[in-house]
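Respectively, the protein sequence lines represent chains A and B. The opening residue of the first sequence carries number 6 in my numbering; numbering runs sequentially from there. The opening residue of the second sequence carries number 430 in my numbering; numbering runs sequentially from there. The C-beta atom is built at its ideal place from N, Cα and C for all residues, glycine as well. Remember, predicted model here, so these are calculated numbers, not experimental data. Comments concern the structure below.
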Amino acid sequence: MDRFLFLTLDGLSRGAVYAAFALALVLIWRAARAVNFAQGAMAAATAYVGYGVAAATGSYWIGFLTAIAAGLLLGAAVERIVMRHVGHASPLSPVIVALGLVLVIQAGLGIVYGNEFRPAPTPLSRSAVTVGGLRLLSPYDLFVFGAVGVVVVALAWIFARTAVGLRMRAAAFAPDVARLLGVRVGGMLTLGWALASAVGALAAMLVVPTELGLHPNAMDLVFVSAFTAAVVGGLESPPGAVVGGLAVGLALSYVGGYAGSDVTPLAVLTLLLAVLLIRPGGLFATATARQV
Amino acid sequence: MSAYTLPRHLGLLAVGVLAVLASSYLLEPYRLFQAATVAAFLCATAGLTVLTGLNGQLSLGHGALMAVGAYSLALSQRALAERGLTGGGALPISLLAAVLVTTALGAVIGVAAARIRGPYLAGVTLTVAIAVPALTVTFSGVFNGEQGLAVPLAPPPAVLGPYFPYERWQLWLVAAVTLLALLLLTNLVRSRYGRLLRAVRDDEVAAGLAGLPVAGIRVLAFVVSAAAAGLGGALLALLTQNVSPGAFSLALSLSLLTAVVVGGLGRLAGAAWGALLLVALPELTHSLAEALPLTPALAHRMEGNLPLAIFGLTLVLVVIVAPGGVQGHLSRLAQAAWTRLPHRAAPPTT
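Spelled out as structure tokens, the structure:
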């Protein structure tokens, strides 16, 4: 029972990170109808920046904020310099370009920092607080929940309550109409990529210390888990991404805890296939007629 | 398939055989090894071209399928060697085993893929690329974990003489298998099935309305492509004589995709350019890194990474600037030259 409780809480903490990462995928999907396959590599790059700054200044929090700022810049740069110029002749093109970016970023990180795992310290203790013989959450888990909670609420507030959020939704929903009404659609797209990439940077800063540490490929498995989470939610819905993230986090925690952590990649594959084959539109999808 | 297609392909096959034979006596051993590596990769890139180029299904998991072929060959060779079967009979059985296993796996993934589209399929195959190397660590009793397995390969037969170079024998073996696979693939692509593949790629709804079995065609494309990738992986294992999960990482899958896109999607000749690139680029960057005044540590970090960075950059640039790839541009050049020939340019005056 103790173990089950521990795995549940650990899975929720992990799931919170997947939720944030899945949210970033959903942001770009809604704005540009593209899955950003480079998101894991971009997040890994910003985590290197964050931990570099943290080591140089001696303050984790300065590094943390720098990573998020680097995420904003990187996302905007990727949209402006690369994604904007991809033709839409084939639906495969944006995916292929994103994969090219994965190679460039991961190889670049390998050239600059080397291909070994680097330690990534946490600002708070990772040992769980024990109450009445039961191991509960660690201070770091609480920080993860808090950070992801703030991001989710902030994004919801931006999209629902601010003028910029309204323009971003308009630009994503009906680009031509939005343009006629004076919305700078291109700018909104850049903003969407910047926001998504900053959320990805946050997720990387949160998850990297709980895994083996910094590595150019550190976010690969996190990316596919978060992709699975986004698919569970249907790629379309931010609340779906959050619920999907928590569900995938729990599922992977139980599999890892009871069957061994080596099996996790297989579990992700099985889960993703199961969701796609049973409910391709995600568990939260409403039935729509297929458009021919 | 027109009446001339098969004779033309057999002619090309004869040219290929002659080219391999000639080069196997002209090149030094290291180049022979590289030529054989190109041939092994060509098997895989040709398979990926059939799937992605002709049928429009994106796969990021072909590196993993190569791994499955390589491990199947290794396990089969070792099992046969344990039973004392090492000679000429063992290899065809092992190659067949590699093809059969990847064909079966391709059918499983293909059935799932037939129901999944676009970015979803890319996500699933990406997960396959990450899960398969992890599998080798999970079942390390069979696959020996990160260490991998050694692949026994019998020496050249005694008929060829006592001093027959091992690399030449490897090139003969690998090139023979690859040429055979290419003959089958080119005939498939030129046949009725090739047209069905392209019809489904170009407009799936229209193909369905025209009564084509869309799902079946998509599964067929995946099966053929997986078998070719598995065969390519098995050949690669014969060359390196070792299989380990590190050799079949996500980077390999992405490099294969780069190779077929840069070579020219949708044309088998493009797959050849791509396979050449996969072997030539690391070699070029290696000599570049040696020529530059780098610290040993930096040179070490450049070693595996620089080719991947260049692959990625090329991939981005090709898709944005030159979507036809190398072969697309070559055929456009050839067409332009053809129309400028005197007998074409000058209209008949009589």
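Proximity below 8 Å, CB of residue i to CB of residue j
i: B:LEU487; j: B:ALA551; result: yes
i: A:LEU251; j: A:ALA50; result: no
i: A:LEU98; j: B:VAL748; result: Residue identity differs from the one stated: residue 98 of chain A is Ser in this sequence, not Leu. Yes. Within cutoff.
i: B:VAL672; j: B:TYR500; result: yes
i: B:GLY675; j: B:GLU596; result: no
i: B:HIS679; j: B:ILE538; result: Note on identity: in this sequence residue 679 of chain B is Leu, with His being the wrong assignment. No, Cβ-Cβ distance for B:LEU679 and B:ILE538 is not below 8 Å.
i: B:LEU494; j: B:ALA658; result: yes
i: B:LEU514; j: B:VAL606; result: no
i: A:PRO304; j: A:PRO221; result: Residue 304 of chain A lies beyond the stretch modelled for chain A, which goes from 6 to 297, so this question has no answer here.
i: B:ALA636; j: B:GLY535; result: no
i: B:GLY492; j: B:SER682; result: yes
i: B:LEU744; j: A:LEU79; result: no
i: A:GLY76; j: A:SER202; result: yes
i: B:GLN599; j: B:GLY692; result: no
i: B:LEU641; j: B:PHE470; result: no
i: B:ALA709; j: A:VAL109; result: no
From the options, residue whose alpha carbon lies closest to that of residue i
i: A:VAL227; options: B:LEU555, B:THR743 and B:LEU456; result: B:LEU555
i: A:GLY286; options: A:VAL157, A:ASP267, A:ALA235 and A:VAL268; result: A:ALA235
i: A:VAL157; options: A:LEU12, A:PHE9 and A:LEU28; result: A:LEU28
i: A:LEU17; options: A:LEU278, A:GLY265, A:THR269 and A:VAL248; result: A:VAL248
i: A:GLN111; options: A:PHE11, A:GLY192 and A:ALA52; result: A:ALA52
i: B:GLU712; options: B:VAL689, B:PRO736 and B:THR687; result: B:PRO736
i: A:ALA37; options: A:GLY154, A:ASP146, A:MET193 and A:LEU160; result: A:MET193
i: A:VAL169; options: A:VAL153, A:VAL188 and A:PHE178; result: A:VAL188
i: B:PRO548; options: A:GLY239, A:GLY245, A:LEU255 and A:ARG140; result: A:GLY239
i: B:ASN734; options: A:TRP198, A:GLY137 and A:VAL117; result: A:VAL117
i: A:VAL212; options: A:ALA246, A:ALA152 and A:ALA264; result: A:ALA152
i: A:TRP34; options: A:LEU278, A:VAL100 and A:TYR145; result: A:VAL100
Beta carbon proximity, residue i to chain B, threshold 8 Å
i: A:GLY119; result: yes
i: A:ILE163; result: no
i: A:VAL297; result: Legend: pLDDT at A:VAL297 = 43, less than 50; position of this residue unreliable, no value from coordinates given.
i: A:ALA231; result: no
i: A:PRO128; result: no
i: A:VAL212; result: no
i: A:ALA208; result: no
i: A:ASP225; result: yes
i: A:LEU274; result: yes
i: A:SER98; result: yes
i: A:ALA294; result: Only weak support is given to the placement of A:ALA294: the predicted model assigns it a pLDDT of 49, under 50, and the value that follows is read from those uncertain coordinates. Not one chain B Cβ lies under 8 Å of A:ALA294.
i: A:ASP15; result: no
i: A:ILE116; result: yes
i: A:HIS90; result: yes
i: A:LEU217; result: no
i: A:GLY20; result: no
i: A:LEU32; result: no
i: A:LEU255; result: no
Proximal residues of chain B, C-beta to C-beta of residue i below 8 Å
i: A:GLY113; result: ASN734 and ALA738
Neighbour flag for residue i against chain A, beta carbons, 8 Å
i: B:THR567; result: yes
i: B:ARG761; result: no
i: B:TYR500; result: no
i: B:PRO793; result: Outside the shown range of chain B (430 to 779) lies residue 793 of chain B, about which nothing can therefore be said.
i: B:PRO730; result: Note that residue 730 of chain B is Arg in the sequence shown, not Pro. Yes, its Cβ sits closer than 8 Å to a Cβ of chain A.
i: B:ARG769; result: no
i: B:VAL690; result: yes
i: B:ILE646; result: no
i: B:THR779; result: Reliability fails at B:THR779, whose pLDDT of 49 lies under 50, so the model's placement of it is uncertain and no value is given.
i: B:GLY492; result: no
Strand pairing of residue i, partner residues [DSSP]
i: A:ALA74; result: Answer is none; A:ALA74 lacks a bridge partner.
i: A:THR135; result: A:ARG140
i: B:ALA579; result: B:ASN671
i: A:ARG123; result: A:LEU219
Heavy atom of the ligand ATP within 7 Å of residue i beta-carbon
i: B:VAL566; result: Summarising the ligand content, the structure contains no ligands, and the ligand ATP is consequently not present.
Chain A contact residues for residue i, given Cβ-Cβ distances below 8 Å
i: B:VAL745; result: VAL87, VAL102, GLY105, LEU106 and VAL109
i: B:GLY703; result: Going along chain A, no residue has its Cβ under 8 Å from B:GLY703, so there is no contact; the nearest lies around 13 Å.
i: B:GLY445; result: In chain order: nothing, as chain A lies at least about 30 Å away.
Cross-chain neighbours of residue i in chain B, by beta carbon under 7 Å
i: A:PRO243; result: Neighbours of A:PRO243 on chain B: none; closest Cβ ~18 Å, over 7 Å.
i: A:HIS93; result: Near A:HIS93 there are no residues of chain B at all, since even the closest Cβ is about 11 Å away, more than 7 Å.
Under 9 Å by beta carbon: chain B residues contacting residue i
i: A:PHE42; result: LEU489, PRO548, ALA551, GLY552 and LEU555
i: A:VAL236; result: TYR549 and GLY552
Interface residues of chain A facing residue i [CB-CB closer than 7 Å]
i: B:ILE559; result: ASP225, LEU226, VAL229 and PRO270
i: B:ILE522; result: Per Cβ cutoff of 7 Å: no residues; B:ILE522 is ~29 Å from chain A at best.
i: B:LEU483; result: The premise fails here: B:LEU483 is roughly 13 Å from chain A at the closest Cβ pair, so nothing lies under 7 Å.
i: B:ALA656; result: The contacting residues do not exist; B:ALA656 stays about 21 Å from chain A at best.
Under 9 Å by beta carbon: chain A residues contacting residue i
i: B:ALA563; result: LEU226, ASP267, VAL268, THR269, PRO270 and LEU271
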